[in-house]
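Here the structure is laid out as structure tokens; the discussion comes afterwards.
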Amino acid sequence: MMLRTFSPGSLWRYVFAGSALGAVAPLTTLYLLASPGDPWSGFHQFTSDPLLFATAALPAATGYLAYQIGWRTLQLRQRIHELEHRRRELQEVASRDPLTGIGNRLAMEQALQARMAKVNKTSTAVLAIDLDRFKFVNDTMGHDTGDSLLIALTQRLKQVLGGRGEIYRLGGDEFVILLDGCATPQAVEPYCLDLAREASTPFELAQGRVATGLSIGVTFVEEEDDSIGQVLKRADLALYRAKADFGSAHTFYEPLMAAEDLRMFEIERDLGRALSEGEFFLEYQPIIGIKSGKVRSLEALLRWRHPSLGVISPEVFVPLAERSGMILAIGKWVVQKACSEAVKWPAPVGVGVNVSGDQFKDRGFVAYILGCLDDSGLAPGRLTIEVTEAVFSVDIQLVRESLAQLRAAGVRVALDDFGTGFSSINNLKVFPLDQLKIDRSFAREMLETTRDARLVDLIRLLSETFQIDTTIEGIETRPQLDFVRALGIEEAQGFLISRPVAADMVPDLLTPDRNLFAVAS
Ligand code: C2E
Ligand code: MG
Ligand code: MG
Numbered sequence: 015m016m017l018r019t020f021s022p023g024s025l026w027r028y029v030f031a032g033s034a035l036g037a038v039a040p041l042t043t044l045y046l047l048a049s050p051g052d053p054w055s056g057f058h059q060f061t062s063d064p065l066l067f068a069t070a071a072l073p074a075a076t077g078y079l080a081y082q083i084g085w086r087t088l089q090l091r092q093r094i095h096e097l098e099h100r101r102r103e104l105q106e107v108a109s110r111d112p113l114t115g116i117g118n119r120l121a122m123e124q125a126l127q128a129r130m131a132k133v134n135k136t137s138t139a140v141l142a143i144d145l146d147r148f149k150f151v152n153d154t155m156g157h158d159t160g161d162s163l164l165i166a167l168t169q170r171l172k173q174v175l176g177g178r179g180e181i182y183r184l185g186g187d188e189f190v191i192l193l194d195g196c197a198t199p200q201a202v203e204p205y206c207l208d209l210a211r212e213a214s215t216p217f218e219l220a221q222g223r224v225a226t227g228l229s230i231g232v233t234f235v236e237e238e239d240d241s242i243g244q245v246l247k248r249a250d251l252a253l254y255r256a257k258a259d260f261g262s263a264h265t266f267y268e269p270l271m272a273a274e275d276l277r278m279f280e281i282e283r284d285l286g287r288a289l290s291e292g293e294f295f296l297e298y299q300p301i302i303g304i305k306s307g308k309v310r311s312l313e314a315l316l317r318w319r320h321p322s323l324g325v326i327s328p329e330v331f332v333p334l335a336e337r338s339g340m341i342l343a344i345g346k347w348v349v350q351k352a353c354s355e356a357v358k359w360p361a362p363v364g365v366g367v368n369v370s371g372d373q374f375k376d377r378g379f380v381a382y383i384l385g386c387l388d389d390s391g392l393a394p395g396r397l398t399i400e401v402t403e404a405v406f407s408v409d410i411q412l413v414r415e416s417l418a419q420l421r422a423a424g425v426r427v428a429l430d431d432f433g434t435g436f437s438s439i440n441n442l443k444v445f446p447l448d449q450l451k452i453d454r455s456f457a458r459e460m461l462e463t464t465r466d467a468r469l470v471d472l473i474r475l476l477s478e479t480f481q482i483d484t485t486i487e488g489i490e491t492r493p494q495l496d497f498v499r500a501l502g503i504e505e506a507q508g509f510l511i512s513r514p515v516a517a518d519m520v521p522d523l524l525t526p527d528r529n530l531f532a533v534a535s
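Numbering-wise (the working numbering), the sequence shown opens with residue 15 and increments by one.
Here you go:
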């Protein structure tokens with residue numbers, strides 16, 4: 015049984031033949047010895063006749079030898095088999111993600127390599143996936159929740175794929191899916207929609223309810239691809255774009271993205287000297303009281319006049335400045351500049367300054383802001399610090415303390431872009447706030463869909479409950495302004511009222527007889 019199991023080839027035949035020969039030789043001898051006549055003569059004949067001796071002894075020796083060789087070979091093969099099994103086990107462990115049980119980066123690279131070696135390699139789609147707000151979940155609800163979320167998410171995504179594709183976790187909240195038999199965007203699209211829908215359906219975990227979502231960058235293995243690095247780079251570029259585009263969970267790679275990536279690299283490099291070269295400047299966009307039509311405050315919006323690329327939007331360079339840490343120095347410059355400008359405006363018109371979460375990591379930042387107020391002579395109540403919900407993913411305790419210190423000194427705090435991020439009621443409860451700014455995407459949609467109109471009303475009700483001022487951003491048309499006025503929202507900002515303007519244009523907006531509401535109508 016053993017022989018058949020471990021030696022399906024010719025091995026068992028060796029052993030069998032060896033044993034048979036070994037058995038036949040002594041039988042021959044016995045036969046000769048027991049042949050009729052004098053047994054001694056038989057024995058004598060056997061020992062004295064070399065031919066007869068050889069006839070018996072040689073097969074026996076050969077049989078024994080064959081048996082030994084067979085047996086040792088068998089043992090060796092068994093050992094090799096065990097080692098191979100162990101090697102496979104080790105490889106399995108090395109290529110598995112211990113948390114979710116799916117393949118890891120190594121497994122993904124091997125699988126992608128295998129697909130690229132195929133003749134028909136262009137039928138594989140590669141999806142780079144990144145979870146939205148994962149860091150936020152980890153920071154606010156703990157790593158246990160983060161882990162449970164990843165496990166539950168993996169299960170859902172696997173179900174969407176069925177047998178069509180394989181999912182791999184590269185680490186953190188980064189995943190890659192290899193979809194077979196998908197060579198066109200039309201073939202991949204339904205999967206992307208299903209994956210996004212599954213991820214954005216809230217998870218009921220043991221630790222509580224978690225809402226998230228995902229971004230997907232898609233590319234295809236191309237005929238001319240000769241390294242997996244090329245393919246993954248394309249998927250990453252598409253993912254980068256998907257993350258930047260609010261509202262679309264997935265993006266297909268386009269060649270232009272590679273050129274843009276190069277441009278990003280140049281921009282990041284040039285950011286280093288932009289501050290010392292005086293290339294930054296601020297524009298100011300008014301926020302009006304809807305009833306009075308008068309400017310209550312102006313939001314300072316950062317711009318960069320790049321020597322060769324022209325004026326670059328903060329949406330492009332602020333994330334790069336955050337990544338490189340340069341936002342600390344740039345952000346200080348913004349506060350200082352905005353305070354020294356706003357003090358020239360008639361009181362009580364205030365100024366709003368956008369602040370990134372990373373800036374709070376600088377322990378001296380709050381003291382710096384208060385120093386700017388002192389130096390400029392601007393009353394603290396005329397300065398509003400605008401933060402988005404992303405700020406809470408930095409270090410919740412640190413941010414809470416910093417905001418509390420600012421408010422204790424009389425500075426106002428606004429929560430910007432509300433409704434796009436986590437939109438947590440808990441944040442409104444826990445963090446000290448003076449103003450809630452409803453994201454401009456609502457202004458765009460509220461006259462189109464009753465859902466968005468209701469949401470705007472709901473957010474207004476929320477601010478009222480927490481006794482926070484409500485401002486709506488992105489008002490571009492008169493019907494939008496009329497609509498929010500009817501809802502009872504106090505303040506509005508948007509292109510209808512005024513686009514962001516240069517500092518020297520601000521006094522014109524602030525002349526006592528100027529009614530921006532009237533100008534807009
Ligand atoms: P934000 O704080 O939400 O600023 C409002 C953005 O909406 C501005 O874009 C403004 O030009 C734009 N906007 C205003 N009204 C309308 C409208 O009616 N329609 C449309 N479509 N857009 C409107 P901007 O200046 O490109 O700034 C983009 C974002 O960059 C800001 O969003 C803010 O998050 C960030 N940012 C700007 N300045 C700074 C800064 O000094 N520091 C930091 N950390 N971030 C900044
Ligand atoms: Mg803002
Ligand atoms: Mg905003």
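Glycine included, each C-beta is placed from N, C-alpha and C at the ideal position.
Using the three-state DSSP reduction, which class does residue i fall into: helix, strand or coil?
i: Ala-75; result: helix
i: Gln-507; result: coil
i: Asp-430; result: strand
i: Arg-18; result: Low local confidence applies: a pLDDT of 45 at Arg-18 is under 50, so the model's placement there is unreliable, and no value is given.
i: Pro-521; result: helix
i: Ala-534; result: Here the model assigns Ala-534 a pLDDT of 49, short of 50, so the residue's position is not dependable and the matter cannot be decided.
i: Glu-400; result: strand
i: Arg-317; result: strand
i: Asn-118; result: coil
i: Tyr-8; result: The question about residue 8 has no answer here: the residues shown for the chain are numbered 15 through 535.
i: Phe-279; result: helix
i: Phe-189; result: strand
Here's a check: name, in chain order, each residue in its chain whose Cβ is nearer than 6 angstroms to the Cβ of residue i, leaving out the five neighbours to either side.
i: Ser-390; result: Cys-353, Ser-354, Val-357
i: Leu-447; result: Val-427, Leu-429, Ile-482
i: Pro-199; result: Phe-266
i: Ile-320; result: The amino acid occupying residue 320 in the given sequence is His; Ile does not appear at that position. Contacts found: Ile-326.
i: Met-15; result: Residue confidence for Met-15 is low, a pLDDT of 39 falling below 50, so the modelled location carries little weight and cannot support an answer.
Relative to the alpha-carbon of residue i, which residue among the options has its alpha-carbon at the smallest distance?
i: Val-38; options: Phe-30, Asp-63, Ala-74; result: Ala-74
i: Ser-109; options: Ser-322, Leu-120, Arg-377; result: Leu-120
i: Gly-433; options: Gly-117, Glu-403, Val-425; result: Glu-403
i: His-264; options: Glu-274, Arg-414, Ala-249, Trp-85; result: Ala-249
i: Met-340; options: Ala-361, Val-369, Val-365, Leu-315; result: Val-369
i: Ser-477; options: Gly-378, Ile-503, Ser-33; result: Ile-503
i: Ser-407; options: Arg-91, Lys-149, Thr-76, Trp-85; result: Lys-149
i: Gly-292; options: Leu-316, Ala-272, Val-190, Ala-256; result: Leu-316
i: Ile-302; options: Arg-101, Lys-451, Arg-100; result: Lys-451
i: Ile-304; options: Val-245, Arg-492, Pro-204; result: Arg-492
i: Asp-161; options: Gly-176, Leu-145, Val-174; result: Leu-145
i: Asn-529; options: Glu-98, Gly-177, Lys-308, Glu-106; result: Lys-308
i: Gln-221; options: Arg-283, Leu-270, His-157; result: His-157
Heavy atom of ligand 2 less than 6 angstroms from the Cβ of residue i, yes or no?
i: Asn-441; result: no
Kindly list the residues whose CB is nearer than 8 angstroms to the CB of residue i, restricted to its own chain and excluding five residues on each side of it in sequence; keep chain order.
i: Ala-2; result: Beyond the ends of the chain as shown, which are 15 and 535, falls residue 2; an answer cannot be given.
i: Ser-416; result: Phe-374, Phe-379, Val-380
i: Arg-129; result: Lys-135, Thr-138, Leu-192, Asp-194, Val-235
i: Leu-412; result: Phe-374, Lys-375
i: Ile-439; result: Leu-476
i: Phe-20; result: Bear in mind that the predicted position of Phe-20 carries a pLDDT of just 49, short of 50, making it unreliable; the figure below should be weighed with that in mind. So the list reads Leu-88, Arg-91, Gln-92, His-95, once near-sequence residues are dropped.
i: Val-444; result: Arg-414
If you draw a straight line from the C-alpha of residue i to the C-alpha of residue j, how long is it?
i: Leu-312; j: Leu-523; result: 10 angstroms
i: Asp-6; j: Asp-208; result: There is simply no residue 6 to check, as the chain begins at 15 and stops at 535 in what is shown.
i: Tyr-254; j: Ile-242; result: 18 angstroms
i: Asp-409; j: Lys-375; result: 8 angstroms
i: Met-155; j: Gly-186; result: 16 angstroms
i: Ser-338; j: Val-332; result: 10 angstroms
i: Phe-279; j: Gly-231; result: 20 angstroms
i: Ser-214; j: Leu-171; result: 11 angstroms
i: Ser-535; j: Val-520; result: Any answer about Ser-535 is weak, because its pLDDT of 49 lies below 50 and its placement is not dependable; what the coordinates show is given next. For Ser-535 and Val-520, the distance between alpha carbons rounds to 20 angstroms.
i: Ala-500; j: Ile-489; result: 14 angstroms
i: Ala-272; j: Tyr-205; result: 25 angstroms
i: Glu-282; j: Lys-257; result: 18 angstroms
Please determine whether the Cβ atom of residue i lies at a distance below 6 angstroms from any heavy atom of ligand 3.
i: Asp-431; result: yes
i: Glu-237; result: no
i: Glu-313; result: no
Which residues in the same chain as residue i place their Cβ atom closer than 7 angstroms to its Cβ, once the five residues preceding and following it in sequence are excluded?
i: Pro-216; result: Arg-223, Val-224, Ala-225
i: Trp-359; result: Val-520, Leu-524
i: Ala-335; result: Leu-285, Ile-341, Ile-344
Between residue i and ligand 5, is there a pair consisting of the residue's CB and a ligand heavy atom that are separated by less than 6 angstroms?
i: Glu-459; result: As presented, the structure is devoid of ligand 5, carrying ligand 1, ligand 2 and ligand 3 as its sole ligands.
Cβ of residue i within 6 angstroms of any heavy atom in ligand 1?
i: Pro-514; result: yes
i: Asn-368; result: yes
Does residue i have its Cβ less than 7 angstroms from a Cβ in chain D?
i: Gly-433; result: Here chain D cannot be found, since the structure has a single protein chain.
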